[in-house]
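Enquirer: For the sequence shown, the numbering used here gives the first residue as 5, with consecutive numbering after it.
I'd like to ask you about the structure that follows.
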Amino acid sequence: MGDQRGITIPDLSRYRTGILRLRGLRLIHTHLQGEPLTEEDLTDLVLLRLDMIVALTIDSSGYPDLAYSGHLLPDNPEKKVWFIDPPTTLAKLDIDFSKWVQGLEDEFQRGQKAVPLRGPQEKAILISVSRGNRADVEDSIEELKELAESGGVFVADTIIQRPQRISPTTLIGEGKLNELIVKCMQLGADILIFDQNLTPGQLAAISDRTELRVIDRTQLILDIFAQRAHTLDGKIQVELAQLRYLLPRLAKKTLALSRLTGGIGGRGPGETKLEIDRRRVRERIHLLEKELDRLSMRRQQRRGRRMKTGIPVISIVGYTNAGKSTLFNQLTESQFLVENRLFSTLDTATRKLRFPASTDGGRAHEVVVTDTVGFIKDLPKDLIGAFRPTFDELRESDLLMHLVDIGSPHFAERIKAAERILFELQLDHLPVLLVFNKEDRLDQREVKAICQSYGAISISALHPHTFNRLFVAIERRLWEAAHRTHEVDQEKLTNQGSFDISDKHLISEREET
Ligand SMILES: Nc1nc2c(ncn2[C@@H]2O[C@H](COP(=O)(O)OP(=O)(O)OP(=O)(O)O)[C@@H](O)[C@H]2O)c(=O)[nH]1
Ligand SMILES: [Mg+2]
């Protein structure tokens, strides 16, 4: 396999795939200069996940002299990666290897099972490689963890690397990458999730190197959307986004491919598993785009009908998990899914609502309220593109209610992130009412101070008795907006005289497939 300068290790990928086991191979080679195991040897040990590595030195007459050996270590309190045996002679290196390696594998398995999983959950290690400010990096990976858990993935560990120089090929440095491989084996993790978005080249390189499934922030979000999509619209939009994301990555025809199409929980794009090829992906994208156009038309017709009624439309927007659906349900007495996880809502819901008038002579107003998909920092471009029809619907709103979870320590950044997305979606010209939600999670004085500094109001979507200020503010903003654009249509605002929040006439656009 080699000469006096070095050895070439053949492609071992067909030996025992699956990161959770040792390779089933030992590497025994000679060191002609009498040196012990080198850095390079140990890298091979890790990268190839060898059962054992042995270097034999020779004496002056060419006979075997000392034997140096090392092997990987199961999870251990010192967080050691490998163990190097004291040098011995070849004659003494007489062990029952099968028994020994079985024992080692058993130990690995015990370490992997130390973390109990809920059913067939997948285990991941999260990684952030960034030169950014430490606090930002930590917050971001914390959110990534929430995302992963929302997607049903068990997070075995998180690693932050802040290198001097970021590697353009693998993002993460060589040494750290090796450490990561062993850590995955020790903890039984088979997915790496990067907080940074990886280029197609980086993704292929890391995946080839580690033989692990590698996912970046974008793919994670896409996979979660795929899990949540229930309506025809939602499913088409998500698959379109997934395929658009996949296409440039297909150029890298490597082993990474089969892993790439997997996604979390096998939620890669439907029916396009291994035999996937670029041409077929393009065809499918084309088909989905056409289908989406068709659905958009239907949507527009529905919208047209609604516009004719002249009832103002209020859309609840904001960061994911802000409580949008909770508020929507309370306002419209609906029962849409509310959950303490990210992206519970994917499909737009719209309902009519009559709320008590508080500012103009006791007349009640009728409005249409819309609940839709939440925002997140770095919302993937492919996703924004594919969800364009959903977001386009927001454009016809008379008022955007920007809901913010005041209990989140990151609410300020989240407001900015949401505003940035509104800008990207060209919705920033619409009047916005900033509303802090979950006021019950903070001290009331604090809530007041925050509201004052933002010129906003606060509510608790769980407690309807806090909604009075909201109604007043909505009315005022709707009236102001109408006044400003000289489209004052008093009739529009004063339709009904009832005081009833619920309404029997529902315009529900949540279509079940
Ligand atoms: N303490 C408290 N929790 C709330 C309040 N409003 C909503 N929640 C909780 O916040 C979590 C998220 O609520 P959702 O209504 O699903 O949030 P969302 O904005 O629709 O989230 P996505 O659809 O995922 O974007 C749920 O666990 C709610 O029970 C509130 O006023 N106070
Ligand atoms: Mg929701």
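Note that the Cβ used here is the ideal one computed from N, Cα and C, for glycine as well.
Since the structure is predicted, the reported quantities are computational estimates derived from the model, not experimental observations.
Comparing the CB of D402 with every heavy atom of ligand 1, is any distance shorter than 6 Å?
Expert: The residue given as residue 402 occupies position 398 in the sequence shown. No; taking the cut-off as 6 Å, the Cβ of D402 has no heavy atom of ligand 1 nearer than that.
Enquirer: Examine ligand 1 and report whether any of its heavy atoms sits within less than 6 Å of the Cβ of A465.
Expert: Taking the first residue of the sequence shown as 1, we reach residue 465 at position 461. True, at least one ligand heavy atom lies under 6 Å from that Cβ.
Enquirer: Which residue's Cα is closest to the Cα of L254: E243, V285, H234?
Expert: Residue 254 sits at position 250 when you count from the first residue of the sequence shown. Looking at the Cα atoms, V285 is the closest of the given residues.
Enquirer: Classify E337: buried if its beta carbon has 16 or more other beta carbons within 10 angstroms, exposed otherwise.
Expert: Position 333 of the sequence shown holds residue 337. So E337 counts as exposed.
Enquirer: If we call anything under 7 Å between Cβ atoms a contact, is I429 one with F395?
Expert: Here residue 429 refers to the residue found at position 425 of the sequence shown. Here residue 395 refers to the residue found at position 391 of the sequence shown. The question names Ile, but residue 429 in the sequence shown is Leu. Going by C-beta atoms, L429 is nearer than 7 Å to F395.
Enquirer: Figure out for me which residue from F440, L97, L404 has the closest Cα to the Cα of I478.
Expert: For the purposes of this step, residue 478 is identified with residue 474 of the sequence shown, where counting begins at 1. Answer by Cα proximity: L404.
Enquirer: Skipping 5 residues on each side, what residues in its chain have a beta carbon closer than 6 Å to that of D386?
Expert: Here residue 386 refers to the residue found at position 382 of the sequence shown. Cβ within range, chain order: A245, R248, Y249.
Enquirer: Reducing DSSP to helix, strand and coil, say where Y67 ends up.
Expert: Position 63 of the sequence shown, counted from the first residue, corresponds to residue 67. In this structure, Y67 counts as coil in the three-state DSSP scheme.
Enquirer: Would you mind sorting Q190 into buried or exposed? The rule is 16 or more other CB atoms within 10 Å of its CB.
Expert: By 1-based counting over the sequence shown, the position of residue 190 is 186. It counts as buried.
Enquirer: Taking DSSP's pairing of strands, which residues face D409 in a bridge?
Expert: Position 405 of the sequence shown holds residue 409. Note: D409 sits in a beta bridge opposite N441.
Enquirer: Give a single yes or no on whether S329 has its beta carbon closer than 6 Å to a heavy atom of ligand 2.
Expert: Counting from one through the sequence shown, the residue named residue 329 turns up at place 325. S329: yes, Cβ under 6 Å from ligand 2.
Enquirer: Go to A128, then tell me how far its beta strand (DSSP E) extends in each direction, as first and last residue.
Expert: The residue labelled residue 128 in the question sits at position 124 within the sequence shown. Run containing A128: 126 to 133, per the beta strand (DSSP E) assignment.
Enquirer: Give the range of the beta strand (DSSP E) segment to which Q165 is assigned.
Expert: Reading the sequence shown from its first residue, position 161 is the one you call residue 165. Its beta strand (DSSP E) spans residues 157 to 165.
Enquirer: Less than 7 Å separating the beta-carbons of G74 and L41?
Expert: Here residue 74 corresponds to residue number 70 of the sequence shown, with the count starting at 1. Here residue 41 corresponds to residue number 37 of the sequence shown, with the count starting at 1. The answer is yes: Cβ separation under 7 Å.
Enquirer: I'd like to check one pair, L346 with E150: are the Cβ atoms closer than 7 Å?
Expert: Within the sequence shown, the letter at position 146 stands for residue 150. Within the sequence shown, the letter at position 342 stands for residue 346. It is a contact, given that the beta carbons lie within the stated cut-off.
Enquirer: Kindly examine ligand 1 and report whether one of its heavy atoms sits closer than 6 Å to the Cβ of D444.
Expert: The residue labelled residue 444 in the question sits at position 440 within the sequence shown. Flag set: Cβ of D444 near ligand 1.
Enquirer: Starting from V371, trace the beta strand (DSSP E) in both directions and tell me its first and last residue.
Expert: Looking up residue 371 in the sequence shown gives position 367. Here the beta strand (DSSP E) through V371 covers 369 to 375.
Enquirer: Per DSSP, what kind of secondary structure is L335 in: helix, strand or coil?
Expert: As a working note, residue 335 is residue 331 in the sequence shown. Correct three-state label for L335: helix.
Enquirer: With a cut-off of 8 Å, do at least 3 Cβ pairs link the segment 128 to 135 to the segment 77 to 84?
Expert: They do not touch, by the three-pair rule.
Enquirer: Please report the Cβ distance between P393 and S319, rounded to the nearest whole angstrom; I am assuming they are in contact, meaning their Cβ atoms lie under 8 Å.
Expert: The count along the sequence shown starts at 1 and reaches residue 393 at position 389. The count along the sequence shown starts at 1 and reaches residue 319 at position 315. Contact flag wrong, Cβ pair sits at about 14 Å.
Enquirer: So what does W520 bridge to, in DSSP terms?
Expert: Residue 520 falls outside the range modelled here, since the chain spans only 5 to 517, and no answer is possible.
Enquirer: Using 8 Å for Cβ pairs, my map puts Q200 next to V133. What's the rounded Cβ distance?
Expert: Looking up residue 200 in the sequence shown gives position 196. Looking up residue 133 in the sequence shown gives position 129. Indeed, because the Cβ distance is near 6 Å, the residues count as touching under 8 Å.
Enquirer: Just checking E343 against ligand 1 - is the residue's beta carbon closer than 6 Å to any of the ligand's heavy atoms?
Expert: In the sequence shown, residue 343 corresponds to position 339, counting from 1. Checking every heavy atom of ligand 1 against the Cβ of E343, one is found closer than 6 Å.
Enquirer: So what does K356 bridge to, in DSSP terms?
Expert: Translated into positions along the sequence shown, residue 356 becomes position 352. For K356, which the question treats as bridged, DSSP gives the partners V372.
Enquirer: Identify whether V218 lies in helix, strand or coil by the three-state DSSP scheme.
Expert: Here residue 218 is taken as the residue at index 214 of the sequence shown, counted from 1. V218 falls in the strand class under three-state DSSP.
Enquirer: What's the C-alpha gap between G10 and R217?
Expert: Indexing the sequence shown from 1 puts residue 10 at position 6. Indexing the sequence shown from 1 puts residue 217 at position 213. Taking the straight line from one Cα to the other gives about 31 Å.
Enquirer: What does the alpha-carbon distance come out to for the pair P468 and G389?
Expert: Mapped onto the sequence shown, residue 468 falls at position 464. Mapped onto the sequence shown, residue 389 falls at position 385. Those two C-alpha atoms are separated by around 36 Å.
Enquirer: Consider the C-beta atom of S73 and the heavy atoms of ligand 2; say whether any pair is separated by less than 6 Å.
Expert: Walking along the sequence shown from the start, residue 73 turns up at place 69. No, the Cβ of S73 stays beyond 6 Å of every heavy atom of ligand 2.
Enquirer: Check whether the Cβ of G378 lies closer than 6 Å to any heavy atom of ligand 1, and answer yes or no.
Expert: For the purposes of this step, residue 378 is taken as the residue at position 374 of the sequence shown. G378: yes, Cβ under 6 Å from ligand 1.
Enquirer: Pull up the distance between the alpha-carbon of E443 and that of S464, whole angstroms please.
Expert: In the sequence shown, residue 443 corresponds to position 439, counting from 1. In the sequence shown, residue 464 corresponds to position 460, counting from 1. The alpha-carbon atoms of E443 and S464 are separated by roughly 5 Å.
Enquirer: What span of residues does the alpha helix (DSSP H) with F198 cover, start to end?
Expert: The residue labelled residue 198 in the question sits at position 194 within the sequence shown. Looking at the DSSP string, F198 is not in any alpha helix (DSSP H); the run it does join, the beta strand (DSSP E), is 195 to 198.
Enquirer: Considering only DSSP beta bridges, list what R253 is partnered with.
Expert: As a first step, residue 253 must be located in the sequence shown, where it is residue number 249. R253 pairs with nothing; no bridge assigned.
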